Structure formats: structure tokens, C-alpha cells
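Chemist: Have a look at this one before I ask anything.
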Amino acid sequence: MAIKKKKIKIHLLLILYLVIGCSNGNNFLNTIVNKRDSSNVNFEKGKENWEKRAYKNNIYESLKYLTKAIKENGENLERSKLMSQACHFTAEYIEDDKTKSDSLYLLGKDIAWSFLAKTNSYIEGFNKFTGDLAGKKIAGIDNISENDIEILFWWVKNYVSFIANKPVTKRLSAREEIETALYKVLSQKPDFYFGGCHQIFGILYARLPGVELNKSVSQFETAIAKGPDFFGNYVARAKYLYPRVNDKVSFEKDINYILSLDPSAVPEIAPENLMEQEIAKKLLQKSSSLFK
């Protein structure tokens with residue numbers, strides 16, 4: 000546990016570095032040492048800026064305040080969940096530097112896991128299993144309570160986003176705990192985050208050797224059926240599946256479809272849909288290298 004806490008602190012320092020690079024460094028450092036702010040105020044400021052996450056300055060401001068709130072109370076579900084989600088958003092849509100994006104995915108994963116590993120339900124499942132540590136972790140994940148399902152989703156979302164383009168050995172070694180987490184979320188909240196679990200399954204199965212690609216096809220179809228308004232389901236299919244099956248026609252169909260839509264139609268995910276359209280444009284520009 001000491002190693003895990005040290006790891007999270009290292010990642011939190013990276014957030015501070017990122018924020019300093021995107022805002023006034025002196026003001027930020029003054030804010031960090033200002034002890035008058037309560038953790039609740041920091042969390043509220045984090046949420047306020049999260050609502051304006053389409054703007055780069057605001058998402059980094061959100062991370063700044065959420066980082067402070069987590070440092071003051073890392074065992075709060077809502078804080079940990081939003082911090083994990085904000086890390087994923089920033090890594091996926093805002094940060095251009097691949098190394099920094101990876102660090103953000105890992106921070107989002109570690110923040111979520113630090114919370115989950117301390118829950119009574121995880122500890123109960125972990126302790127009841129008689130076997131090796133890997134098996135105990137799987138049992139703990141499978142015992143997560145419904146109250147903590149959403150933060151479990153953001154743990155696995157960050158995890159898969161990080162390993163999707165890493166060496167195949169990393170994806171293979173993580174497969175069992177990822178699948179266990181996804182099935183656990185599906186058992187409690189099957190439609191959560193616009194079919195998000197099915198999108199993650201679609202990505203994972205498109206990137207794992209020895210898995211029939213029909214599984215990826217089916218998962219992406221289910222994700223789109225459950226979350227037709229979330230552009231990310233189409234973009235992920237175009238990015239991960241269609242190049243594998245060399246289907247340029249379907250790739251262009253998905254990309255052009257979401258480019259024709261209004262990203263603000265669903266206000267709840269308007270920032271994400273706007274960003275997904277930008278990713279779609281970049282994919283379209285490099286389609287010649289994706290399909291040879």
C-alpha cells in the first residue's frame with residue numbers, strides 16, 4: 000500500500016507540472032500553499048471547472064483543484080471518481096504529449112484503484128479467496144458493491160486506454176482482471192456511460208491476438224445501440240476495428256456520419272462529442288496509412 004501511495008503522489012506531482020505549464024505558475028503555487036481553502040471548496044471549484052472542460056484552461060484548473068481535494072481526502076467516492084474521469088478526459092482529448100497522456104491514464108487508474116482497494120466489499124472478496132494474489136484481486140473486483148460500480152468503470156476505462164497500444168503482453172496479462180471488472184459493471188449498470196463497457200470490450204478484443212474479431216464487432220454494435228448519441232462509440236470502432244479487418248468503406252462511413260452531426264445535441268456529453276469529431280478528422284486525414 001505504501002508503494003501505491005508513493006506512485007499516486009508521483010503522478011499528482013505530474014498534474015501540478017502540467018497545470019503550471021498551462022496556467023500562471025505563481026498563482027498556482029500560491030493556491031497550493033493557501034491553507035484557508037477547505038477540501039470541499041476545492042472540490043466544488045474542481046466541479047465548476049469540469050463543467051467547462053471543453054476549454055483547455057478549465058480542464059487543467061479542474062485537475063488542479065481536484066488534485067488538492069484528493070490530497071486532503073482521497074477516500075471520498077465522488078472526488079476520486081471525478082478525478083479519475085477528469086484524468087481520462089485530459090489524456091484522451093487535451094494532452095498532445097503521449098508520455099503525459101499515458102501518465103494521466105495511469106493517474107486516473109491509480110486514483111480509482113486506491114479508493115476501490117480500501118472498500119469493504121473489495122477487501123471482503125479479496126480475503127475470502129484462498130489462492131494467489133492475482134486470484135485474490137480478481138475475487139475482490141468481482142465483489143465490488145453497486146455503490147462503487149461507476150468508479151470501477153473509470154478504473155478499467157483508464158486501464159484499457161493506457162494499454163491499448165502497448166506491447167501485446169501487457170494486454171494479455173491484464174485481460175482477466177479487465178474482463179472481470181467489465182462484467183461486474185455490466186451486472187449492475189449495463190447501460191452506464193452510453194454503453195461504455197461494450198465500447199471497452201470492442202477495443203480490447205480488437206487488440207488481443209487469438210480473439211475472433213466477430214466479438215469486437217458485436218461489442219461495438221451493442222455499444223452503439225446503447226449509446227447512439229455518443230460519438231466516441233463510432234470513433235473507437237473506426238480507429239480500432241476497421242483497420243484490423245481492412246474495411247475502409249465502413250471506416251469512412253462511421254467517420255463521415257459523426258462529422259455530419261451536431262455535437263451539442265446532447266449537452267451532457269457535448270464536450271466529449273466535440274473532441275471526438277476532432278479525433279475523427281485526424282483519423283480521416285491519415286486513412287491512407289491505416290489502409291494499405
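Take 0 as the starting number for the sequence shown in numbering that gives the first Met the number 0 and just add one per residue.
Here a beta-carbon is modelled for each residue, glycine too, at the ideal position from N, C-alpha and C.
Keep in mind that this is a model prediction, so the values were computed, not measured.
Can you find at least 3 beta carbon pairs, one from the stretch 84-102 and one from the stretch 41-58, that sit closer than 8 Å?
Modeler: Yes, the stretch 84-102 touches the stretch 41-58.
Chemist: Could you give the C-beta distance for Y239 and Y256, rounded to a whole number, given that I count them as a contact under 8 Å?
Modeler: With a Cβ gap of about 17 Å, Y239 and Y256 do not count as contacting.
Chemist: Since L65 and R78 are thought to touch, with beta carbons under 8 Å apart, how far apart are those beta carbons, to the nearest angstrom?
Modeler: Correct: roughly 7 Å between the Cβ atoms.
Chemist: Find out if the Cβ-Cβ distance for the pair A205, R174 is shorter than 8 Å.
Modeler: Cβ atoms of A205 and R174: not closer than 8 Å.
Chemist: With the cut-off set at 8 Å, would you say D253 and A237 are in Cβ contact?
Modeler: Yes, they are a contact pair.
Chemist: How would you call A133, buried or exposed, if buried means at least 16 neighbouring beta carbons within 10 angstroms?
Modeler: Exposed is the call here.
Chemist: With 16 as the cutoff for other CB atoms within 10 Å, does D228 come out buried or exposed?
Modeler: When all chains shown are included, D228 counts as exposed.
Chemist: Got a sec, what are the start and stop residues for the alpha helix (DSSP H) G107 sits in?
Modeler: 97-115 is the extent of the alpha helix (DSSP H) around G107.
Chemist: Just checking my contact of F114 with I150 at CB under 8 Å: how many whole Å lie between their CB atoms?
Modeler: Contact holds; Cβ gap of about 6 Å.
Chemist: Just verifying my parser: in three-state terms, what is the DSSP assignment at V265?
Modeler: Reduced to three states, the DSSP call for V265 is coil.
Chemist: Report back the beta-carbon spacing between Y158 and K108 to the nearest angstrom; my notes put them in contact at under 8 Å.
Modeler: Right, the Cβ-Cβ distance comes to about 5 Å (below 8 Å), so this counts as a contact.
Chemist: Note the first and the last residue of the continuous alpha helix (DSSP H) segment covering L289.
Modeler: Taken as a continuous stretch (DSSP letters only), the alpha helix (DSSP H) holding L289 covers 286-289.
Chemist: Less than 8 Å between the CB atoms is what I'm expecting for L212 and R170, so what's the real figure, rounded?
Modeler: Not confirmed; about 15 Å, so no contact.
Chemist: Go ahead and label A180 buried or exposed: buried means 16 or more other beta carbons lie within 10 angstroms of its beta carbon, across all protein chains shown.
Modeler: Buried.
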